[in-house]
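Asks: The structure's right below; bear with me while I get my questions together.
Protein chains in written order, with the numbering used here: chain A, 125 to 552; chain B, 125 to 552.
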């Protein structure tokens with residue numbers, strides 16, 4: 125029986141999850157594929173005591189070259205994350221004709237174009253199923269079963285940290301700060317959570333999804349980005365009254381003029397399949413001209429992402445067996461134009477913190493009118509005269525730039541202390 | 125540019141949907157794959173006027189041999205359904221080395237073993253993404269990305285007709301008969317709806333899913349089957365009070381002793397991701413040791429299923445291009461043992477139509493006790509003395525055979541006119 129040899133660089137959560145899944149299912153997979161699979165080298169910066177996994181000493185290493193330069197290794201798992209030095213390791217492995225499996229969203233989003241080229245030049249390939257949605261098999265599905273679909277939009281809950289925080293606020297009436305603390309305590313948020321709560325993580329993922337859905341490339345920098353730090357429990361309660369959830373969504377949509385591309389908290393109707401996805405779970409909704417599909421599953425975690433990586437390894441092995449490396453190459457041939465958010469039309473929910481003094485509502489409402497923004501709903505809770513209160517305005521469908529102009533003038537009103545606008549996602 | 129020639133046998137809803145999807149997306153797919161794709165022959169029994177699609181006269185035929193025996197045709201789409209004559213056409217096409225794409229669930233469920241063998245012997249392949257869940261890309265996902273997963277259970281809402289009827293009952297308080305009429309009117313149910321409402325259709329699909337998930341084969345006849353014709357609106361209301369939906373589920377689960385395999389209406393907790401799938405939509409839930417995944421989408425319809433077929437055509441073409449036909453062959457190597465339902469343990473919801481006379485509840489409850497069935501909840505609505513009334517009993521977790529024995533004796537009580545039991549699906 126032919127032996128396929130695998131090398132692993134990076135032995136954190138996902139690296140371990142991958143090796144664990146591979147070892148647990150080794151016999152079954154070998155039987156199905158008719159080849160032997162052997163992990164012959166695992167590289168990590170430092171091999172500390174107290175890992176949860178026992179690794180035979182002879183396959184441990186601290187030197188990536190022992191994987192990259194080993195001619196026996198046909199498949200390299202990169203699980204260190206980030207660009208530097210992952211990019212160097214991955215590009216070197218590809219240049220030596222090895223197949224690379226990586227869950228590295230930042231690497232694929234920022235350096236995908238280059239890496240796909242290196243892979244093609246060396247008649248090999250790079251798989252990244254774990255890069256978006258962790259254990260959800262979305263990448264292969266888009267590159268294969270949905271390649272022929274005329275996709276109109278892809279919307280994802282692709283960040284478990286923010287979905288957990290918003291779920292805690294919504295289901296357990298916590299404040300943002302309380303929910304963030306809970307997330308940290310449970311290991312769902314990093315000690316410095318900026319990358320998640322400010323939406324950066326999701327921008328990598330939507331850049332990858334948009335590239336696959338629309339067969340082109342977008343730069344991560346072109347993704348409009350908003351975080352969830354300003355969301356109040358009151359916002360969630362008001363949204364609920366209107367039959368909306370508040371979710372941090374990553375959205376890519378094909379418009380006449382180009383691609384709409386953004387990550388931000390939005391009001392999402394309860395009738396939308398993504399509205400009922402709670403906690404750290406991820407989900408991706410794809411709408412094409414012929415079908416609406418929703419994929420739900422674990423967005424992170426070593427075991428789930430490890431299984432996605434093993435799925436990639438199986439795919440890689442089948443291609444090696446059949447001499448079909450590069451069978452599914454880069455499917456992103458076009459350059460995509462991203463439409464500036466100012467040009468988008470939406471409904472908005474605008475929260476205005478204002479002094480409860482006579483005439484305040486009239487002043488604010490007039491400014492909306494002056495900017496051509498008409499209002500669909502207004503809610504001012506019972507407040508104390510002379511004190512600050514949050515007033516909510518739901519606009520009709522208007523251009524972003526009109527709302528922005530209204531907000532600019534409203535912010536200058538003396539009675540107004542703060543303005544915050546959230547887009548309503550109605551799928552139009 | 126190489127030309128791949130396609131022949132289509134059967135030009136009903138799905139045949140048309142496939143050709144339409146292929147023609148609509150032709151340029152994009154050809155660009156991505158670097159080959160030309162041409163439908164050179166479409167066979168149908170009779171070419172009536174008034175079809176919604178214009179087909180050039182020179183590619184119309186009524187003779188399947190014009191596809192099967194045409195050496196130019198590399199890919200055959202079978203879209204006539206049923207076993208006879210589909211089995212002959214498909215096996216002949218495979219025997220001539222052609223790739224076959226079929227959405228024919230009955231054919232795959234009953235003749236899959238044979239067809240996979242013929243395909244392997246002739247170094248070709250058969251794809252059937254459209255056979256389960258219509259437009260939901262579940263088959264490829266199970267054969268590829270999830271092949272390495274240690275799958276514990278697969279649960280599907282795989283019949284749109286029954287899900288529509290139960291949704292109408294639940295959401296619009298219709299009776300079964302009213303909901304069935306509405307389904308017929310809307311084209312969601314056949315004039316003779318037995319195949320759907322008695323659960324036969326779903327048995328084909330769960331047989332296919334079980335085979336893929338557990339890497340073995342099961343006979344369709346081994347699937348325990350119950351339909352939805354006896355479900356009352358009252359049952360749905362009672363279930364709701366207990367926080368359950370009633371859904372016709374197709375379930376395959378790995379137990380110590382073998383595979384649990386059944387199609388029947390069950391009480392499903394509202395917390396389960398399948399409980400919120402309404403209308404004709406389908407969904408499939410897969411739980412492995414490392415991940416829970418839910419796939420939702422259109423379970424039928426020519427356009428959606430046609431897109432799934434086009435996904436298969438793309439896969440087939442890639443394999444042809446790379447000389448990798450048979451790259452993903454039959455993944456079902458084991459023979460699976462199906463556990464008889466009598467041996468399964470569940471909670472049950474038992475509806476008993478009884479006369480409201482003194483002592484009736486005591487008599488019934490005693491019989492449950494005699495059979496070793498303990499009760500978790502009981503509901504007797506306010507009724508009229510001497511009249512018939514439905515009493516609901518929710519049991520604790522018991523073996524099916526104990527409940528059956530209780531029902532057998534209860535049915536013999538003079539005060540009891542009817543007994544109906546529904547299993548509670550708690551994922552254990």
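Backbone N, C-alpha and C fix where the C-beta goes; we use that ideal spot for every residue, glycine too.
Is it buried or exposed for residue 216 (chain A), if we count other Cβ within 10 angstroms and need 16 for buried?
Replies: buried
Asks: Do we get a CB-CB distance below 7 Å when we pair residue 427 (chain B) with the residues of chain A?
Replies: Yes, because at least one Cβ of chain A sits closer than 7 Å to the Cβ of residue 427 (chain B).
Asks: Which class does residue 138 (chain B) belong to by DSSP, given the choice of helix, strand or coil?
Replies: helix
Asks: Identify, in the order they occur along the chain, each residue of the same chain with its Cβ nearer than 7 Å to the Cβ of residue 237 (chain B), setting aside the five sequence neighbours on each side.
Replies: 341
Asks: Closest Cβ-Cβ distance between residue 460 (chain B) and chain A: below 7 Å?
Replies: no
Asks: Residues in the same chain with beta-carbon distance under 8 Å from residue 394 (chain B), minus the five sequence neighbours each way, listed in chain order, please.
Replies: 367, 368, 369 and 400
Asks: Using a Cβ cut-off of 8 Å, pull out every chain B residue sitting near residue 148 (chain A), in sequence order please.
Replies: Within chain B, the residues near residue 148 (chain A) are 274 and 413.
Asks: To which residues of the same chain is residue 428 (chain A) closer than 8 Å at the C-beta, ignoring the five residues directly before and after it?
Replies: Contacts found: 141, 258, 259, 421 and 422.
Asks: What does residue 517 (chain B) touch in chain A if you count any residue whose Cβ is under 9 Å from its own?
Replies: Here the premise fails: no neighbours, minimum Cβ distance about 31 Å.
Asks: In the DSSP assignment, find the beta strand (DSSP E) that holds residue 417 (chain B) and state where it starts and stops.
Replies: 416-422
Asks: Which full runs of the beta strand (DSSP E) of 3+ residues lie inside the region 511-549 of chain A, going along the chain?
Replies: 512-519 and 540-548
Asks: How far does the alpha helix (DSSP H) with residue 378 (chain A) in it reach, from first residue to last?
Replies: For residue 378 (chain A), no alpha helix (DSSP H) run applies; the uninterrupted beta strand (DSSP E) run containing it begins and ends at 368-379, by DSSP.
Asks: Any idea what DSSP makes of residue 349 (chain B), helix, strand or coil?
Replies: Here DSSP, grouped into helix, strand and coil, assigns residue 349 (chain B) to strand.
Asks: Between which residues of its own chain and residue 435 (chain B) is the CB-CB distance below 8 Å, once the five residues before and five after are set aside?
Replies: 253, 261 and 264, listed in sequence order.
Asks: What are the uninterrupted segments assigned as beta strand (DSSP E) that are 3 or more residues long and contained completely in the region 204-256 of chain A, given in chain order?
Replies: 223-225
Asks: Below 8 Å on the Cβ atoms is my guess for residue 275 (chain A) versus residue 412 (chain A); work out the distance and round it to an integer in Å.
Replies: Rounded, the Cβ-Cβ distance is 5 Å, consistent with contact.
Asks: Does chain B have any CB closer than 7 Å to the CB of residue 446 (chain A)?
Replies: yes
Asks: Mind checking residue 486 (chain B): buried by the 16 CB within 10 Å criterion, or exposed?
Replies: Only exposed fits residue 486 (chain B), as fewer than 16 other CB atoms lie within 10 angstroms of its CB.
Asks: Do residue 191 (chain A) and residue 183 (chain A) come within 7 Å of each other at the CB atom, strictly closer than that value?
Replies: no
Asks: My guess is that residue 348 (chain A) and residue 386 (chain A) are in contact by the Cβ rule of under 8 Å, so how many angstroms apart are they, rounded?
Replies: Going by Cβ atoms, the distance from residue 348 (chain A) to residue 386 (chain A) rounds to 4 Å, so yes, they are a contact pair.
Asks: At 8 Å on the CB atoms, spell out the chain A contacts of residue 153 (chain B), in chain order.
Replies: 271 and 272
Asks: Does the structure place the region 430-445 of chain A close enough to the region 309-325 of chain A that three or more beta carbon pairs sit under 8 Å?
Replies: By the Cβ test, the region 309-325 of chain A is not in contact with the region 430-445 of chain A, since fewer than three Cβ pairs between them sit closer than 8 Å.
Asks: Taking any Cβ of chain A, which residues in the region 246-271 of chain B have a Cβ under 7 Å from it, in chain order?
Replies: Of all residues in the region 246-271 of chain B, those with a C-beta nearer than 7 Å to a C-beta of chain A are 253, 259, 260, 261, 264, 265, 268, 269, 270 and 271, reading in chain order.
Asks: What is the DSSP secondary structure of residue 386 (chain B), reduced to helix, strand or coil?
Replies: In the three-state reduction of the DSSP assignment, residue 386 (chain B) falls in the strand class, which pools E and B.
Asks: Would you mind reading off the limits of the alpha helix (DSSP H) that contains residue 442 (chain A)?
Replies: Here the alpha helix (DSSP H) through residue 442 (chain A) covers 426-445.
Asks: Do residue 301 (chain B) and residue 630 (chain B) count as a contact pair if the criterion is CB distance below 7 Å?
Replies: Beyond the ends of chain B as shown, which are 125 and 552, falls residue 630 (chain B); an answer cannot be given.
Asks: Spatial neighbours of residue 187 (chain B) within its chain, please: C-beta separation below 8 Å, excluding the five flanking residues on both sides.
Replies: 167
Asks: Here's the rule: buried if 16 or more other CB atoms are within 10 angstroms of the residue's CB, otherwise exposed. What is residue 223 (chain B)?
Replies: buried
Asks: Strictly below 8 Å CB to CB, what residues from chain A border residue 455 (chain B)?
Replies: 156
Asks: Within 7 Å (strictly less), CB to CB, does residue 240 (chain B) reach chain A?
Replies: By this cut-off, residue 240 (chain B) is not an interface position.
Asks: Once the 5 residues before and after residue 516 (chain B) are set aside, which same chain residues still bring their CB inside 6 Å of it?
Replies: 362, 475 and 503
Asks: Indicate the three-state DSSP secondary structure (helix, strand or coil) for residue 319 (chain A) in the structure shown.
Replies: helix
Asks: Assuming residue 376 (chain B) contacts residue 277 (chain B) (C-beta within less than 8 Å), just tell me the rounded distance between them.
Replies: 7 Å
Asks: Note down the Cα distance separating residue 408 (chain B) from residue 181 (chain B), rounded to an integer number of angstroms.
Replies: 41 Å
Asks: Please name the residue or residues paired with residue 129 (chain A) in a DSSP beta bridge.
Replies: A:162 and A:197
Asks: To the nearest angstrom, how far is the alpha carbon of residue 227 (chain A) from that of residue 245 (chain B)?
Replies: 38 Å
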